[in-house]
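Worksheet: one structure, shown below.
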Amino acid sequence: MAETRSATLTIDGKSYELPIHSPTAGPDVLDIRKLYAQANVFTYDPGFTSTAACDSTITFIDGDEGILTHRGYPIDQLAAESHFLEVCYLLLYGDLPSKEELDQFEGIITRHTMIHEQMHYFFRGFRRDSHPMATMVGVVGAMSAFYHDSTDVNDQKQREIASHRLIAKMPTIAAMAYKYSIGQPFMYPRNELDYASNFLHMCFAVPAEDYKVDPILSRAMDRIFTLHADHEQNASTSTVRLASSSGANPFACIAAGIACLWGPAHGGANQACLEMLREIGTVDRIPEYIERAKDRNDPFRLMGFGHRVYKNFDPRAKVMKASADEVLDLMGIQNNPTLQVAKELERIALEDDYFQDKKLYPNVDFYSGIILDAMGFPTSMFTPIFAVARTVGWISQWKEQLADPQLKIGRPRQLYLGDKLRDYVDISRR
Ligand code: SDX
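All the letters of the sequence shown, read from the start, carry residue numbers 1 to 430 under the numbering used here.
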């Protein structure tokens, strides 16, 4: 990075020069890497609201303009023109593939979709009523117990194989977690089906009869995967990067990402949002929930609303809203009560000063659950589907970090407010 400017920090009369780096797009960054060594002070930023933890070339978000790009391509164009495996190639390798490159990549992914047969027994160790995210954390972490030939993060070939295995096997594992939770037999992946159709087939087909995937649902599923593929340094991606900084194997790092994504403030919001919309039930009950969301003494928040970065609108939510209309219409589901509540809730909230002042808009999770519900998924499968899609983002960021010559183990410091040094007191004198 060419350093052309710097900031001067003065502490107790002593000045320190902090280099300023300018990005391709977005805010400049203040380089504080030498600050502690020079000034014996830490910076303080719980929640990392003002902290760039790395440099990256993968995804760019402009929260004020509602812009999201992957390798420079706007998300709305990718959602409309591309498809998920092509977006996976773009995220992994930096450019849109040629036809030959795409055919080869899709062939590789297709042939990695089965999991080691012995892993089927893992599922039997879980209770049938386990949340599928609990199963996914366990089974994905256990991949490091089966795929030893792709756990050495210092071997480029092994990193490549692990990347392909994770992208290919996540839909299979998610579908198996679903089948296990409803007591149905597992369905094997089918090589003649595309990625999204394969996932739907593994979830909804049964051995007793043929199952034809509805192309409308397959296109909608593929678009949902694309919209969730990557999102800069969000909580779960940062978890994967931090886990990977210790040299942990890729399966363990992705399992850590799944665990973080599960939280209702993050990927768990799609499940929480649909459950909230169902709890509201009818349009006339919306004002009651809007008031609760505004009440600082009430922990209730509008799920699917608000975002750390987007302070205008989440471009993914716009595409998802249009897709919800299209899919429900094509499925002949008119006047879906949950969709009506969602649209009215959005309208009322966006006219309310509280939400305007705090710049709270629908995020990616606000409409996705309505589509997934219409497809026949239980709410417990919403976050696993998010995890399937985000795996390529986690992996792309993981690969980028491993290729960074500046890579160090991530080790933040703290503002210590505990007890001063004191001597041990024997129990007889306490
Ligand atoms: C995802 O980071 C990513 O990119 C994530 C993600 C991705 O693709 O990886 O985009 C996916 O996680 C989307 C977000 C899904 N989560 C939800 O929908 C849960 C509901 N939203 C909130 O919990 C919240 O908006 C967050 C967690 C998303 C963002 O929280 P921030 O940035 O820490 O903001 P904040 O909590 O400090 O809120 C600022 C103010 C607060 O009020 P004050 O304390 O200033 O008075 O806005 C209020 C909050 O109380 N607020 C809300 C609200 N979200 C924030 N009030 C009511 N309802 C909400 N949803």
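All C-beta atoms in this analysis are idealised placements derived from N, C-alpha and C, irrespective of residue type, glycine included. This structure is a prediction, so every number in the text was calculated from the model and none was measured.
Return the chain-ordered list of same chain residues with a C-beta closer than 7 Å to the C-beta of residue i, the five sequence neighbours on each side being excluded.
i: V452; result: What the structure shows of the chain is the stretch from 1 to 430, and residue 452 is not part of that stretch, so it cannot be assessed.
i: S323; result: A220, R223, I371
i: K311; result: G63, D64, K359
i: I167; result: C88, I109, T391, V392, I395
i: W262; result: M133, G268, T383
i: R316; result: L68, I75, L227, V364
i: F386; result: H228, L261, G267, N270
i: Y44; result: L415
i: A437; result: Residue 437 is absent from the model: the chain starts at 1 and stops at 430.
Counting only the same chain and skipping the five closest in sequence on each side, list residues whose C-beta sits under 6 Å from that of residue i.
i: N249; result: S144, T151
i: A243; result: C253, A256
i: Y361; result: F313
i: L96; result: L90
i: K34; result: none
i: V240; result: C253, G257, W394, W398
Taking the alpha-carbon positions, what's the residue i to residue j distance?
i: E400; j: G94; result: 11 Å
i: R278; j: L415; result: 42 Å
i: A134; j: K169; result: 17 Å
i: D210; j: I182; result: 19 Å
i: I67; j: E160; result: 30 Å
i: G247; j: A162; result: 14 Å
i: A196; j: H83; result: 10 Å
i: A140; j: R390; result: According to the sequence displayed, residue 140 carries Val and not Ala. Straight-line Cα distance between these residues: approximately 14 Å.
i: A269; j: R422; result: 45 Å
i: A235; j: L417; result: 25 Å
i: A25; j: A80; result: 24 Å
i: F165; j: L330; result: The residue asked about is misnamed: residue 165 is Arg in this sequence, not Phe. If I take the Cα positions, the gap works out to 34 Å.
i: M320; j: R127; result: 33 Å
i: R413; j: A52; result: 15 Å
i: T49; j: G72; result: 24 Å
i: F105; j: K157; result: 15 Å
i: L9; j: K408; result: 26 Å
i: N191; j: A403; result: 32 Å
i: M187; j: F377; result: 16 Å
i: G138; j: S130; result: 11 Å
i: N297; j: M303; result: 17 Å
i: M276; j: F366; result: 10 Å
i: G125; j: I11; result: 58 Å
i: S22; j: A265; result: 31 Å
i: Y155; j: Y16; result: Rather than Tyr, the amino acid found at residue 155 in this sequence is Asp. Approximately 40 Å between the Cα atoms of the pair.
i: L85; j: S6; result: 42 Å
i: D325; j: M375; result: 13 Å
i: K318; j: R111; result: 34 Å
i: Q356; j: H307; result: 13 Å
i: P405; j: F42; result: 24 Å
Is the Cβ-Cβ distance between residue i and residue j less than 8 Å?
i: P384; j: P185; result: no
i: D314; j: N363; result: yes
i: W398; j: C260; result: no
i: W394; j: T172; result: no
i: Y180; j: F123; result: yes
i: V309; j: I108; result: no
i: F305; j: A349; result: yes
i: L91; j: S368; result: no
i: P19; j: D28; result: no
i: I290; j: D352; result: yes
i: I216; j: V388; result: no
i: A445; j: M119; result: Since the displayed the chain opens at 1 and closes at 430, residue 445 lies outside it and no answer follows.
i: C54; j: Q233; result: yes
i: T4; j: H231; result: no
i: S245; j: G410; result: yes
Sorted by chain position, which residues of the same chain lie with C-beta nearer than 8 Å to residue i's C-beta, five sequence neighbours on each side aside?
i: L373; result: With the sequence shown as reference, residue 373 is identified as Asp, and Leu is not the correct amino acid for it. These residues qualify, in order along the chain: L274, T338, T379.
i: H116; result: F146, Y147
i: S218; result: D194, A196, S197, L200
Please indicate yes or no: does the CB of residue i lie closer than 7 Å to some heavy atom of the ligand FMN?
i: K358; result: The ligand FMN is not among the ligands present in this structure, which contains only the ligand SDX.
Every unbroken alpha helix (DSSP H) within the stretch 190-271, with a cutoff of 4 residues, ordered by chain: 195-204, 215-227, 235-244, 250-261
Count the C-beta pairs between the stretch 23-43 and the stretch 278-288 that are closer than 8 Å, then say yes if the count reaches three, no if not. no
For the structure I just gave you, are there three or more beta carbon pairs, one from the stretch 92-109 and one from the stretch 342-349, closer than 8 Å? no
Quick check on the DSSP output: what are the complete alpha helix (DSSP H) runs of length 4 or more inside the stretch 268-333, in order along the chain? 269-280, 286-294, 315-330
Touching or not, the stretch 163-177 and the stretch 198-213, by the rule of three or more beta carbon pairs under 8 Å? yes
Along the chain, which unbroken stretches of the alpha helix (DSSP H) at least 4 residues long are found entirely within the stretch 131-183? 132-142, 156-181
Considering only residues of the stretch 81-121, which uninterrupted alpha helix (DSSP H) runs meet the minimum length of 4 residues and lie entirely inside it, listed in chain order? 84-93, 99-110
Jot down the residue ranges of each uninterrupted alpha helix (DSSP H) in the stretch 344-405, minimum 4 residues, whole runs only, in chain order. 353-357, 365-375, 382-402
What are the start and end residues of each continuous alpha helix (DSSP H) run of 4 or more residues lying completely inside the stretch 22-69, in chain order? 35-39
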